[in-house]
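Reading through the structure tokens given below for one structure.
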Amino acid sequence: MFFLFNDVLLYTSRGLTASNQFKVHGQLPLYGMTMEESEDEWGVPHCLTLRGQRQSIIVAASSRSEMEKWVEDIQMAIDLAEKSSDPAPEFLASSPPDNKSPEEAAVDQESEDDLSASRTSLERQAPHRGNTMVHVCWHRNTSVSMVDFSVAVENQLSGNLLRKFKNSNGWQKLWVVFTNFCLFFYKSPQDNHPLASLPLLGYSLTVPSEAEDIHKDYVFKLHFKSHVYYFRAESEYTFERWMEVIRSATSSASRAHVLSHKESHVY
Numbered sequence: 204m205f206f207l208f209n210d211v212l213l214y215t216s217r218g219l220t221a222s223n224q225f226k227v228h229g230q231l232p233l234y235g236m237t238m239e240e241s242e243d244e245w246g247v248p249h250c251l252t253l254r255g256q257r258q259s260i261i262v263a264a265s266s267r268s269e270m271e272k273w274v275e276d277i278q279m280a281i282d283l284a285e286k287s288s289d290p291a292p293e294f295l296a297s298s299p300p301d302n303k304s305p306e307e308a309a310v311d312q313e314s315e316d317d318l319s320a321s322r323t324s325l326e327r328q329a330p331h332r333g334n335t336m337v338h339v340c341w342h343r344n345t346s347v348s349m350v351d352f353s354v355a356v357e358n359q360l361s362g363n364l365l366r367k368f369k370n371s372n373g374w375q376k377l378w379v380v381f382t383n384f385c386l387f388f389y390k391s392p393q394d395n396h397p398l399a400s401l402p403l404l405g406y407s408l409t410v411p412s413e414a415e416d417i418h419k420d421y422v423f424k425l426h427f428k429s430h431v432y433y434f435r436a437e438s439e440y441t442f443e444r445w446m447e448v449i450r451s452a453t454s455s456a457s458r459a460h461v462l463s464h465k466e467s468h469v470y
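Using the working numbering, the letters of the sequence shown map in sequence onto residues 204 to 470.
Now the structure itself:
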């Protein structure tokens, strides 16, 4: 798992530790760093070589779009680092040695259900460690870029929705809040704590097909692997609003489109 800051790129992994947190294995100062695509050299798709002043590492993204997001953000951070003052001496030091035991190096294979992606996990009390954005990115093998964060700040919504699970017949009315790439479910707007939450990174947003036998208006569908949820809005206007803001969290292409659309308007 990589974390990009304004002066350093950290690389970590999640091990079987008492706290179940990410452990830092090394760091690459951005000052003086260069990047180059190296798919041909290593025979690995979406591969990059990051060259620092003291060390280099080879990384590979899960897709072309993921790689492009990282390249854009890392290059921007490098440019800003170059414009700032000289790096602090501690950031030019070599990365700390990796002395983990094999047991510590084993990655925790937490199931998708621990990310509130099943009915059971949706109904349990929030908050839950597995719902943090870092853990969602880890388990769903995705990234959140600076553009994604910028769009997320501009796209928040709350209101009543009816929710239906894939294998249930009834609809449950809930007060739903969308913020920070996540849906939070409340019994009423007056509640201080959500009943549950559903992180949307990695989910697809569509409308139900005729084969799904959903004979209702203003229904949209969220699905990730085998997890499927239906939501029904109260009007065409609210349906379009929910589709717009949720789409901003469920696909990088849509998030970029929303940002460019916003920038194209003069206020």
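Here a beta-carbon is modelled for each residue, glycine too, at the ideal position from N, C-alpha and C.
Length of the line joining the Cα atoms of residue i and residue j
{"i": "Asp416", "j": "Ala399", "result": "26 Å"}
{"i": "Gly405", "j": "Glu443", "result": "21 Å"}
{"i": "Leu401", "j": "Cys385", "result": "6 Å"}
{"i": "Ala414", "j": "Leu251", "result": "43 Å"}
{"i": "His249", "j": "Phe352", "result": "23 Å"}
{"i": "Gln256", "j": "Pro232", "result": "8 Å"}
{"i": "Asp317", "j": "Gln393", "result": "For Asp317, the pLDDT reaches just 37, beneath the cut-off of 50, and the residue's location in the model is therefore unreliable, although a value from the coordinates is still provided. Going by the C-alpha atoms only, they are around 27 Å apart."}
{"i": "Tyr389", "j": "Ser287", "result": "46 Å"}
{"i": "Lys367", "j": "Val354", "result": "28 Å"}
{"i": "Val211", "j": "Pro397", "result": "36 Å"}
{"i": "Ser429", "j": "Leu283", "result": "42 Å"}
{"i": "Ser371", "j": "Ser391", "result": "22 Å"}
{"i": "Val347", "j": "Leu425", "result": "19 Å"}
{"i": "Phe387", "j": "His338", "result": "17 Å"}
{"i": "Gln258", "j": "Ile281", "result": "16 Å"}
{"i": "Met336", "j": "Asn395", "result": "21 Å"}
{"i": "Ser412", "j": "Glu437", "result": "20 Å"}
{"i": "Ser265", "j": "Glu240", "result": "14 Å"}
Proximity of residue i and residue j at Cβ, strictly below 7 Å
{"i": "Gln359", "j": "Thr382", "result": "yes"}
{"i": "Met238", "j": "Leu253", "result": "yes"}
{"i": "Leu403", "j": "Thr453", "result": "yes"}
{"i": "Val431", "j": "Lys369", "result": "yes"}
{"i": "Met446", "j": "Phe427", "result": "no"}
{"i": "Met349", "j": "Asp276", "result": "yes"}
{"i": "Phe225", "j": "Arg217", "result": "yes"}
{"i": "Val247", "j": "Ala263", "result": "yes"}
Contacts around residue i, its chain only, beta-carbon distance under 6 Å, and the 5 residues preceding and following it disregarded
{"i": "Leu213", "result": "Phe206, Val227 and Gln230"}
{"i": "Leu365", "result": "Trp374, Lys376 and Arg435"}
{"i": "Lys419", "result": "Arg435"}
Buried or exposed (CB count within 10 angstroms, at least 16 for buried), residue i
{"i": "Val379", "result": "buried"}
{"i": "Glu306", "result": "Only weak support exists for where Glu306 lies, its pLDDT of 32 falling under 50; the value from the coordinates is given anyway. Exposed, since its Cβ has fewer than 16 Cβ neighbours within 10 Å."}
{"i": "Val356", "result": "exposed"}
Own chain residues within Cβ distance below 7 Å of residue i, not counting five before or after
{"i": "Arg343", "result": "Leu404 and Gly405"}
{"i": "Trp245", "result": "Ile261"}
{"i": "Glu439", "result": "Tyr421"}
{"i": "Met236", "result": "Leu253, Arg254, Gly255 and Ile281"}
Nearest candidate by alpha-carbon position, reference residue i, set the options
{"i": "Val448", "options": "Lys390, Ser265, Gly362 and Lys419", "result": "Gly362"}
{"i": "Arg267", "options": "Glu242, Arg217 and Leu425", "result": "Glu242"}
{"i": "Met279", "options": "Lys419, Gln224, Tyr234 and His338", "result": "Tyr234"}
Cutoff 8 Å; reference residue i; Cβ partners in own chain excluding five residues on either side
{"i": "Cys340", "result": "Met204, Ser346, Val347 and Leu404"}
{"i": "Thr215", "result": "Met204, Phe205, Phe206, Phe225, Lys226, Val227 and His228"}
Any non-hydrogen atom of the ligand SAH within 6 Å of residue i CB
{"i": "Val347", "result": "The ligand SAH is not among the ligands present in this structure, which contains no ligands whatsoever."}
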